[in-house]
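Asker: Start counting the sequence shown at 2; every next residue gets the next number (our numbering).
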Amino acid sequence: MAELKNTFSWSFSAAEDFSECRRRRYWAKYAMWGGWREDAAELQKTAYRLAKMENRFSILGNAVERAVMWALREKQAGRDAGVDDAYEAEARPYLNRCWSESKGELWRQSPKKFCCLKEHYYREFDSASENEAVGMIKSRAKTCVSHFIESVLPRISGIPREREVAVARIEGGDPESFLFEGVKVYAIPDHVYLDGEIMHIHDWKAGREKDSHYDQVALYALWANVRHGRAPESIRTHVEYLGAGRTATVEVTAERIERVKKTVRESVAEMTEYLVAGDRARNEPLPAEDWELTAEGGACRKCNFLELCRPELGSDG
Ligand code: SF4
Numbered sequence: 002m003a004e005l006k007n008t009f010s011w012s013f014s015a016a017e018d019f020s021e022c023r024r025r026r027y028w029a030k031y032a033m034w035g036g037w038r039e040d041a042a043e044l045q046k047t048a049y050r051l052a053k054m055e056n057r058f059s060i061l062g063n064a065v066e067r068a069v070m071w072a073l074r075e076k077q078a079g080r081d082a083g084v085d086d087a088y089e090a091e092a093r094p095y096l097n098r099c100w101s102e103s104k105g106e107l108w109r110q111s112p113k114k115f116c117c118l119k120e121h122y123y124r125e126f127d128s129a130s131e132n133e134a135v136g137m138i139k140s141r142a143k144t145c146v147s148h149f150i151e152s153v154l155p156r157i158s159g160i161p162r163e164r165e166v167a168v169a170r171i172e173g174g175d176p177e178s179f180l181f182e183g184v185k186v187y188a189i190p191d192h193v194y195l196d197g198e199i200m201h202i203h204d205w206k207a208g209r210e211k212d213s214h215y216d217q218v219a220l221y222a223l224w225a226n227v228r229h230g231r232a233p234e235s236i237r238t239h240v241e242y243l244g245a246g247r248t249a250t251v252e253v254t255a256e257r258i259e260r261v262k263k264t265v266r267e268s269v270a271e272m273t274e275y276l277v278a279g280d281r282a283r284n285e286p287l288p289a290e291d292w293e294l295t296a297e298g299g300a301c302r303k304c305n306f307l308e309l310c311r312p313e314l315g316s317d318g
């Protein structure tokens, strides 16, 4: 098999990481590369393992995504599913599997195949807080699925599957991307379909509302524009806040598309400064010490890569 190449790429989450902490981007994109190989150096293996790590909020989002898509497919097949049906069919088995793999440290065999939760890895739970987290995930997942069934499903279940637009997922290999000015840009919207002449793009959110979600769906609009040749006025983006039961439909305009292009360009240019000779085709990073550690202690406490930074952070870590 041909050797995989670590290609320069951009994504919304990569830009958020880079902007919050340069070093985090270094660990997640460069230090981890090849860390899946038996003969990799310890640092590579650790960075790869930490890059794959989940947390209670990320698995909540994944569980909700599975359950709502299951409920949608059931409805499209003519069956009405309730909240408990969707939770039991998809969310619960997924959450139980993650939890037991993580507690049993199965990720030691394969960080790619088995789930590792940050809270277990860094021993952040005691038995009371672990029980509380389990209860929180279950209750929030059910609330999200309930809001989906009540308010989103009636709007989208009538769209025939042949009008849905395929979006490549992480589980299937290389996720959805497009080329923007020669740079590979990842954009993975949750659900996309055509209704008449309009392309609708939905993103499910199980957590709280953030301004950055509007920029994220603007990137999806750029994906629709570049990848599918859609004019801005024929794209609608919807951020579905399933926890609150609120939909934010964001208007797509030519100006909005230009703004997101500018954001991508500026962020790509900044990231390029951290490459040897500023050469994106070569994509060789400057040494680790040139990727600054964030000055924000709060960011470190939430970060998967704390283990790798501790020697440099000293008592602050
Ligand atoms: S632990 Fe802190 S300094 Fe290290 S990568 Fe994470 S956020 Fe950056």
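The C-beta atom is built at its ideal place from N, Cα and C for all residues, glycine as well.
Under a Cβ-count criterion, where at least 16 other Cβ atoms within 10 Å of its own Cβ denotes burial, should K211 be classed as buried or exposed?
Answerer: Counting from 1 along the sequence shown, the entry for residue 211 is found at position 210. With fewer than 16 Cβ atoms within 10 Å of its Cβ, K211 is classed as exposed.
Asker: Would L154 and A72 qualify as a contact pair, given that the criterion is a beta-carbon distance under 8 Å?
Answerer: Counting from 1 along the sequence shown, the entry for residue 154 is found at position 153. Counting from 1 along the sequence shown, the entry for residue 72 is found at position 71. Closer than 8 Å, so yes.
Asker: Using a Cβ-Cβ cut-off of 6 Å (strictly less than) and excluding sequence neighbours within five positions of A48, which residues of its own chain qualify?
Answerer: Here residue 48 corresponds to residue number 47 of the sequence shown, with the count starting at 1. W28, A32, M33, G36, listed in sequence order.
Asker: Can you list, in chain order, the stretches of the beta strand (DSSP E) that have 3 or more residues and sit fully within the segment 185-233?
Answerer: 192-196, 199-206
Asker: Please report the distance separating the alpha-carbon of F58 from that of R260.
Answerer: Mapped onto the sequence shown, residue 58 falls at position 57. Mapped onto the sequence shown, residue 260 falls at position 259. About 30 Å.
Asker: Who are the Cβ neighbours of E271 in its own chain at under 8 Å, not counting the five residues just before and after it?
Answerer: Against the sequence shown, residue 271 aligns to sequence position 270. Same-chain partners within the cutoff: F19.
Asker: According to DSSP, is P286 helix, strand or coil?
Answerer: By one-based count along the sequence shown, residue 286 stands at place 285. P286: strand per DSSP, three-state reduction.
Asker: Just jot down, in chain order, the residues whose CB lies closer than 5 Å to any heavy atom of the ligand SF4.
Answerer: C22, R24, R25, L294, T295, A300, C301, C304, F306, L307, C310
Asker: Within 8 Å, do at least three Cβ pairs link the segment 272-290 to the segment 244-260?
Answerer: no
Asker: Once DSSP output is grouped into helix, strand and coil, what is the label at S12?
Answerer: Looking up residue 12 in the sequence shown gives position 11. Three-state DSSP puts S12 in a strand.
Asker: Output the residue ranges of the beta strand (DSSP E) runs that lie fully inside the segment 121-187 and measure 3 residues or longer, sorted by chain position.
Answerer: Look at the segment 121-187 and you find these whole runs of beta strand (DSSP E), each 3 residues long or longer: 178-181, 184-187.
Asker: Measure the beta-carbon distance from V240 to V218 and round it to whole angstroms, keeping in mind my assumption that it falls under 8 Å.
Answerer: Numbered from 1 along the sequence shown, position 239 holds the residue referred to as residue 240. Numbered from 1 along the sequence shown, position 217 holds the residue referred to as residue 218. Contact holds; Cβ gap of about 6 Å.
Asker: Determine, using beta-carbon pairs with one atom in the segment 169-189 and one in the segment 112-129, whether at least three such pairs fall under 8 Å.
Answerer: no
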